[in-house]
Amino acid sequence: MDKKMNILMFSGEYDKALAALILANAAKTMEMDVTMFFAFWGLCLVRDPQKMTDEDKTTYEKMFANLTPRGIEELPLSKMNIGGIGKKMLRDMMEENETPTLKDFLNGAIKKDVNMCGCKLSLEVMGFKEEELLSEVKIITAEEYLKDALESNIQLFI
Amino acid sequence: MDKKMNILMFSGEYDKALAALILANAAKTMEMDVTMFFAFWGLCLVRDPQKMTDEDKTTYEKMFANLTPRGIEELPLSKMNIGGIGKKMLRDMMEENETPTLKDFLNGAIKKDVNMCGCKLSLEVMGFKEEELLSEVKIITAEEYLKDALESNIQLFI
Amino acid sequence: MDKKMNILMFSGEYDKALAALILANAAKTMEMDVTMFFAFWGLCLVRDPQKMTDEDKTTYEKMFANLTPRGIEELPLSKMNIGGIGKKMLRDMMEENETPTLKDFLNGAIKKDVNMCGCKLSLEVMGFKEEELLSEVKIITAEEYLKDALESNIQLFI
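Shown next as structure tokens:
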């Protein structure tokens, strides 16, 4: 199938990340081409917890880096998070149901060659460095995102 | 008109549900084909308050079922909910303005033959049973959602 | 390029408004046609702080008008707002990075002739008057939004 889906991943929340990655994996099993464009809070999905650095960062950028989730499993729920209790419940329910974890879905998407793209401007504004992201993530501009979205049959803002 | 809209209803909030259902109803009056795919919190829009059951549920699933809204009028606002005050204000303003209620828009969508679909995986993870949903809701997979979305002229993630 | 993007701006948050307006500006520099349809909280992006009025409003409408942001720079962050601290941080980081402000992006979009539309029903329900919005905003119905979205190559709900 020569169909294509483009997801603009703006949100940095566990449940929304799960929805986006389930769709990305499902689309790849249908042999669709998939691009995920991580912007703003969405960048927290593709930070590599092993590669955090404080080098060359302003005080604000360091604070910001520390206040935001360090990798995908640290994301909070968009609602009913209740200091992590709701999220623990959801994860336990997923486990009981033998649903893969969020990290599994992310790894699945990478393995299935989902195009992983990070937003250049968001990166600059939030003070994240390209080296702090998963190595599969390519940095592109808003214009490049739009070109990809124009070629896609499905575009979603999550 | 042989145009088609597909809404992925992820959010379980009163105002977002209102936006989605207003669009669904408007599209049907324009003779468009409309599919709503209820996933995650969006499933709360199509729970039938008359058909809740604790049977065959784990402790977590029971807790979860009780902590989440039992039907569409119980949904909170996405902001300014203020323990229900903001929502009461909004509903009073809608009534004064003779706008139909959220329940009316839902019934309208069903009467106008909007395809109501529930997400299989979300249902399993959240521990809801198919029998607890409105009888018009058909359970489908993420792949089936994608097929419908690919045939649609408008796709929205709400 | 005769391509077209349509953004349904539902959210009234600083970061989501920023994402939407960056996309709108980028699309215009690529010579795409762009429509932004402001509905519900999204109307707060296009209120003119100079033109607020209490005339002909019910008590609820007055309260609502005063509880909601009066223009685009007053919008809160969708997360990490922390009583305005997170937002101040983000704005300082944007300034340091020489990113234009949200107001600049809004003015840029208007100057580049983005079609600015307000949702008729939202306006009525929330008790805002057409005269309280920026003069560039044209009021349209949900049906008119759908017509525009059907002609668009990219549709996003933000």
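Protein chains in written order, with our numbering: chain A, 481 to 638; chain B, 481 to 638; chain C, 481 to 638.
Beta carbons: idealized from backbone N, C-alpha and C, even for Gly.
Source: prediction; values computed, not measured.
A residue is called buried when at least 16 other Cβ atoms come within 10 angstroms of its Cβ; K484/B meets this threshold and is buried. For F637/C, the chain B residues whose Cβ falls inside 7 Å of its Cβ are L636, F637, I638, in order along the chain. Across the set G492/C, A497/C, F544/C, L498/C, the C-alpha of G492/C shows the shortest separation from the C-alpha of K496/B. For M574/C, the C-beta contacts it makes with chain A under 8 Å involve V605, in order along the chain. Here DSSP, grouped into helix, strand and coil, assigns K627/C to helix. When C-beta atoms of the segment 514 to 521 of chain A are compared with those of the segment 577 to 586 of chain A, fewer than three pairs fall below 8 Å, so the two segments do not count as touching. When 8 Å is used as the limit between beta carbons, L601/B is near these residues of chain A: I502, T579, in chain order.
Pairing L601/C with I552/B gives a Cβ-Cβ distance that is not under 9 Å. The DSSP-derived three-state label of D495/B is helix.
Taking all protein chains in view, the Cβ of S615/C is surrounded by fewer than 16 other Cβ atoms within 10 Å, so the residue is classified as exposed.
Assignment of N577/A by DSSP, reduced to helix, strand and coil, places it in the coil class.
Between I638/C and A629/A, the C-beta spacing is not below 9 Å. The three-state reading of DSSP puts F520/C in helix, counting H, G and I together. A distance below 7 Å between beta-carbons, with the five flanking residues on each side excluded, links E612/C to the following residues of its chain, in chain order: R527, D528, K531, M532, T533. For F520/C, the chain B residues whose Cβ falls inside 7 Å of its Cβ are D495, A499, in order along the chain. In the displayed model, V617/B falls within coil according to three-state DSSP, outside both helix and strand. The Cβ-Cβ distance between E604/B and T509/A does not fall below 9 Å.
Counting only the Cα atoms, T539/A lies some 42 Å from L498/B. Proximity of T539/C to chain A, defined by a Cβ-Cβ separation below 9 Å, is not satisfied. Taking the CA atoms as reference points, C597/B sits about 14 Å from F608/B. For A589/B, the nearest beta carbon of chain C is not closer than 9 Å to its own beta carbon. Secondary structure of R550/A (DSSP, three-state): coil. Separation of the CB atoms of N505/B and A589/B is rounded to 6 Å, and the pair is thereby assigned contact status at 8 Å. DSSP places M489/B inside the beta strand (DSSP E), whose first and last residues are 484 to 489. The straight-line gap separating the alpha-carbon atoms of N546/C and K537/C is approximately 12 Å. When 7 Å is used as the limit between beta carbons, N633/A is near these residues of chain B: L630, in chain order. If you ignore the 5 residues before and after I619/A, its C-beta comes within less than 6 Å of the C-beta of G598, K600, E610, all in its own chain and listed in chain order. In summary, M512/C is buried, with 16 or more beta-carbon neighbours lying within 10 Å of its beta-carbon over all protein chains present. Residue burial is scored here from C-beta neighbours: E541/B has at least 16 other C-beta atoms within 10 angstroms and is therefore classed as buried.
When the beta-carbon positions are compared, M569/B and F490/C stay at least 9 Å from each other.
Per DSSP, the unbroken alpha helix (DSSP H) holding I590/C starts and ends at 582 to 591.
Assignment of F637/B by DSSP, reduced to helix, strand and coil, places it in the strand class.
G607/A sits in coil when the DSSP states are folded into three classes, being neither helix nor strand.
Contact note: F544/C reaches chain B through M560, G566, M569, L570, M573, using a C-beta cutoff of 9 Å and chain order. Nearest to A500/A by alpha-carbon distance, out of N577/B, D572/B, E624/B, L488/B, is L488/B. Distance from the CA atom of P549/A to the CA atom of M560/C, rounded to whole angstroms, is 11 Å.
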